[in-house]
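In my numbering, the protein residues as written are 210 to 518. A virtual CB, placed ideally from N, CA and C, is assigned to each residue, including glycine.
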């Protein structure tokens, strides 16, 4: 395994890359050709390039891309695409390059890459390799978050066409329709010898620093060996709506020391009835669930000056 500096130097010198774009994501189909052209113009030798436009083909395309043995695998799409790529690149001598083409782009924002194709390509050209943590939900690695409760119901029920047409607004529209019949959960979190019990419609466990395109807290990120568990409101549906709005508006001013955040390296999440779970926006099983940190598991290309712990 090369050092991060050695891998950075090899990427900058040889520009050996592979490209995989989820063309089913909100902007993927429009931007695949543009991304391909910009990478070639920037001097990258694309050993393989794949536009994924059918369900179930993403992992096959990523496997095919890795078979070319690139130094850099560039993945374009939303958080689900990036999470899948991150899972497949864990503990490998390949850096993940991010083209944030999705709806919220939480993980890209966490590592300082904004949803702008020019800036993303500039990071691939001039950036550096860092390593960040992955979370592990059961046996499923993830980049950004686990959600149990209403968010998982939303991911299962949100119409894909609506998401492509109106973007992130599709989620609250779907949520309002589901909320009228959603029952709150009695949630138990066990971590570091303590047991915390609360009632809520929604609980998250985050590895990254953003959710729904907004900061979770000012000091949450993906390179601190910590997970951040937090409910969104209590048993009241009105409180859920109020806390969702508060989180979106004030996350950048809050810290991990504030209520209701719990920052730990491992936890067990249980509910009074089995609750659907979503991992980085994709349905993935149900509670009970163990969630842990896989420290420094993923190498990515980040902007110059990005802290690396």
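Secondary structure note for residue 509: its beta strand (DSSP E) is the uninterrupted segment 498-511. In the DSSP assignment, residue 290 falls within the unbroken alpha helix (DSSP H) covering 288-298.
Taking 8 Å as the upper bound for CB-CB distance, residue 471 and residue 486 are not in contact here, some 18 Å apart.
By the C-beta density criterion, residue 353 is buried, having at least 16 other C-beta atoms within 10 angstroms.
Note that the C-beta distance between residue 320 and residue 429 is not below 8 Å. The secondary-structure analysis by DSSP pairs residue 268 with nothing; it has no beta-bridge partner. For the pair residue 359 and residue 461, the Cα-to-Cα distance works out to about 24 Å. Selection 286, 253 and 223 evaluated against residue 241 yields 286 as nearest (Cα-Cα). Residue 400 has 403 as its beta-bridge partners, per DSSP.
Ranked by how close their Cα comes to the Cα of residue 441, the residues 411, 458, 435 and 468 have 411 in first place. Residue pairing by DSSP places residue 279 in no beta bridge whatsoever.
With a cutoff of 8 Å on beta-carbon distance, residue 465 and residue 414 are scored as not near each other. By DSSP's assignment, residue 226 forms a beta bridge with 255 and 281.
Of the candidates 291, 509, 249 and 388, the residue whose Cα lies closest to the Cα of residue 450 is 388. Residue pairing by DSSP places residue 419 opposite 424 in a beta bridge.
Around the CB of residue 385, fewer than 16 other CB atoms lie within 10 Å, so the residue is classed as exposed. Residue state for residue 219 is assigned as helix, using DSSP reduced to three classes.
According to the DSSP assignment, residue 349 belongs to the beta strand (DSSP E) that extends over 349-351. Secondary structure at residue 357: strand, using DSSP grouped into helix, strand and coil. With a contact defined as Cβ atoms closer than 8 Å, residue 496 and residue 395 miss out at about 11 Å.
Sequence-distant Cβ neighbours of residue 243 in its own chain, meaning closer than 7 Å and more than five residues away, are 326. For residue 334, the enclosing alpha helix (DSSP H) stretches over residues 326-335. With at least 16 other beta carbons inside 10 angstroms of its own, residue 456 counts as buried. With 16 or more other Cβ atoms inside 10 Å of its own Cβ, residue 337 counts as buried. Ranked by Cα distance from residue 212, the first of 330, 250, 514 and 508 is 508.
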